[in-house]
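Per my numbering, residue 31 is the first one in the sequence shown, and the count goes up by one each step. Glycine residues also receive a C-beta, built at the ideal position from the N, C-alpha and C atoms.
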Amino acid sequence: MTELVSKLLPAYLMANALLSRSHDDSESRRLSADTQQRDARACLPEHEYRKDVLRSYNFYQIYTLNDWSHDKAKMASTTSPESHHVSHSNQDLPHMNFRSFVAALKEDNDIVEINEEIDPDLEAGAIIRKVCETDDKAPLFNNLRGADKGLWRILGAPASLRHDPKQKWGRIARHLGLPPTSSMNDIIDKMLSAAHKQPIPPNLVPTGPCKENILRDGEFDLTKLPCPLLHQSDGGRYIQTYGMHIVQSPDGKWTNWSIARAMVNDKNHLVGLVIEPQHIWQIHQMWKKEGKDVPWALALGVPPAAIMAASMPIPDGVTESGYIGAMTGCALDVVKCETNNMLVPANTEIVLEGTLSISETAPEGPFGEMHGYVFPADTHQWPRYKVDCITHRNDAILPVSGCGRITDETHTLIGTLAAAEIRRLCQDHGLPIKEAFAPFESQVTWVALKVDTEKLRAMNTTPEEFRKKIGDLIFYHKAGYTIHRLVLVGEDIDIFNFKDVMFAFSTRCRPETDETFYQECLGFPLVPYMSHGTAASNYGGKVVSDALFPVEYTTGQDWELADFKHSFPVELQERVNKKWEEYGFRKEE
């Protein structure tokens, strides 16, 4: 201990000397840190870490040191404007810049530019919705009725699927700097790649493209901008379906980036979901205790890697910007807002600045949501956002997700990233899970888990015990909040092919006998059977369904699949495949 203190004390004293020079509480404090303080904090004993995070994620162990995060933030405030870093060329890569992302989709022949005038009142929404249901190219509306002085164009379906099976996940892969031919497993691996890396904090720059135009209070009217009405029974025009809210805890230790829908309320107000236990709700409650409205920004058209991180169920207290840096290998450029201390990606297309009220509410909804329904009577009171300023790029592009039946961004991002975190959670706890995926056909209410059956047998466990271990871990964790069914499958099942998942579920899982139900955990209220079903409670409605045969727990597979791949000699398969078109059958994709 004496040796540890002797190493720690000089660096700690130097850090505190710097800290004493600053009283600024803005997020810019967290953007630079003295190397000696960082090294000193790295020597702190394990009990200093947030214990709830320590159990699961090495990355989060590093990044949620409460004191370290706060002290690092204070030190950044001692940095003079002259010492701000300059922007680097990596900020123009497609996954780091929304405008470059649009250009990359054009290069992929994955955009349809529509130059004729399109009405944001349902017409744009109808086109986006049909694109989502047919896996067609992303529509870019260059001539929206009501657009004024660069506000705005619309890109629809920014992370939906492609029709080409070889590039099915291509638009999502482009969000992460991966080749368009990447598999879903490649995408999940990339999203989890930062889990054991040192976070890279964002880089504060003096200005950026998002400052090309600045509209102050009185210089804009949200009701006159081309905010889209996406479904005929929606309760309003939803400007926010694919941007990220930016809020910060009162003590400055935690900045959260998250996606939650919001519609126009009047000329300078939005109203939107602030649902318990989501992070924006948690921070809203912190400010409510302080008796102050929440400083807030809404960034629309952000770096694609940022919107992926904002969709991920990262644990409480973790700031997404450092995760993005670790995942991409470079710091994300950010700039300070005009009217508050929030920091936004410097190349954001459109930024709304203001406050999230702790006292004022307004009716919100209904809205056609991710599970494929609009309930016309679904109007609820939610907090109002006051917009004090709008900044935007020239010829700004508003990304829009046309939520509904599969497949749109609520499925490709929310479901996929929940599954990614569930995989990480299981693996960090030593459970034999190889892969995880939320089948889109389940409206991402399920996650299929591929089990390493060799490791399962080494556990010497029973099906009942294994189901309970899985369910207890996931359904009481944030990663499992939106998921209501876990399907356990063996290694002969491709979890990214819903036909395979349903085959296993329908033939190997005996209802009730092979299932473990959960009625005490918190359910996801947007799932229709939770909010409009027979039970009034928002708890329960979750199940682990075991589609593993009993022998997979003991001696191993004792069956052969009755299909082309497994019921015929390889030589015969190859001969049939080679002559397939000669027989007169269609060419395989």
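TODO: State buried or exposed for His261, treating a residue as buried only when at least 16 other CB atoms are found within 10 Å of its CB.
DONE: buried
- [ ] Determine the closest residue to Asn172 out of Asn424, Glu249, Ile276 and Met214, with distance taken between C-alpha atoms.
- [x] Asn424
Task: Check whether Trp412 and Leu303 have beta carbons under 8 Å apart - done: yes
- [ ] Please state if the CB of Asp140 and the CB of Ser130 are separated by a distance shorter than 8 Å.
- [x] no
TODO: Can you give me the Cβ contacts of Val531 inside the same chain, cut-off strictly under 7 Å, excluding the 5 residues immediately before and after it?
DONE: Pro469, Ala478, Val517, Val519, Ile523 and Ile525
Open item on the list: So, does the stretch 172-182 touch the stretch 143-155, judging by three or more C-beta pairs under 8 Å?
Closed with: yes
Open item on the list: Please report the distance separating the alpha-carbon of Val573 from that of Gly501.
Closed with: 8 Å
Task: Cβ neighbour criterion (16 or more within 10 Å) applied to Asn607 - done: exposed
Task: Element boundaries [beta strand (DSSP E), containing Val132] - done: Careful: Val132 lies outside any beta strand (DSSP E), inside the alpha helix (DSSP H) at Phe128 to Glu137.
Task: Test item: CB-CB of Ile313 and Ser341 under 8 Å - done: no
- [ ] Could you tell me the distance, in whole angstroms, from the CA atom of Thr421 to the CA atom of Lys136?
- [x] 26 Å
Task: Cross-strand partners of Cys419 (DSSP beta bridge) - done: Arg246 and Glu383
Open item on the list: Quick check: Thr491 and Tyr548, are their CB atoms within less than 8 Å of each other?
Closed with: no
Task: Ala450 versus Lys322: straight-line alpha-carbon distance, rounded - done: 36 Å
- [ ] Mind the definition here: the stretch 390-400 touches the stretch 204-215 only if three or more C-beta pairs lie below 8 Å; say whether that holds.
- [x] no
Task: DSSP state of Asp151 mapped onto helix, strand, coil - done: strand
Open item on the list: Short of 8 Å in beta carbon distance, which residues of its chain neighbour Glu611, apart from the five on each side in sequence? Order them along the chain.
Closed with: Lys617
TODO: Using DSSP bridges, identify the partner residues of Val620.
DONE: Only positions 31 to 619 of the chain appear in this structure, which leaves residue 620 out of reach.
Task: For Asn215, the three-state DSSP class (helix, strand or coil) - done: helix
Task: Cβ contact check for the stretch 290-298 and the stretch 239-257: 3 or more pairs under 8 Å - done: yes
Task: Through-space distance from Leu591 to Gln603, alpha-carbon basis - done: 15 Å
Task: Runs of alpha helix (DSSP H) wholly within the stretch 330-371 (minimum 4 residues, chain order) - done: 334-341 and 350-358
Task: Inter-residue spacing [alpha-carbon to alpha-carbon] between Val142 and Thr358 - done: 28 Å
Task: Sequence-distant residues of the same chain with beta carbon closer than 6 Å to Ile354, five excluded per side - done: Ala335, Ala336, Ala339 and Leu362
Task: CA-to-CA distance, Gly273 to Thr391, given in whole angstroms - done: 21 Å
- [ ] Closer than 8 Å by C-beta to His401: which residues in its own chain qualify, once you throw out the five before and the five after it? Chain order, please.
- [x] Gln473, Thr475, Leu556, Val557 and Pro558
Task: Own chain residues within Cβ distance below 7 Å of Asp588, not counting five before or after - done: Val581
Open item on the list: Just to confirm before moving on: does the CB-CB distance between Trp284 and Gly347 stay below 8 Å?
Closed with: yes
- [ ] Have a look at Lys529 and Leu552 and give me their C-alpha separation to the nearest angstrom.
- [x] 30 Å
Open item on the list: Alpha carbons only, please: which of Gly282, Cys367, Met221 and Tyr268 is nearest the one belonging to Asp418?
Closed with: Cys367
- [ ] Quick one: residues in its chain with C-beta nearer than 6 Å to the C-beta of Met221, no 5 flanking neighbours on either side, listed in chain order?
- [x] Ala450
- [ ] Please report the residue range of the alpha helix (DSSP H) in which His314 lies.
- [x] His309 to Glu320
TODO: Look up Glu390 in the DSSP assignment and say whether it is helix, strand or coil.
DONE: strand
- [ ] Work out the CA separation of Glu320 and Asp251 for me, nearest whole Å.
- [x] 31 Å
Open item on the list: So, at 8 Å on beta carbons, what are the nonlocal neighbours of Ser597 in its own chain, with the 5 sequence-adjacent residues on each side left out?
Closed with: Glu590 and Leu591
Open item on the list: Going by DSSP, what residue range makes up the beta strand (DSSP E) through Phe171?
Closed with: Ala168 to Phe171
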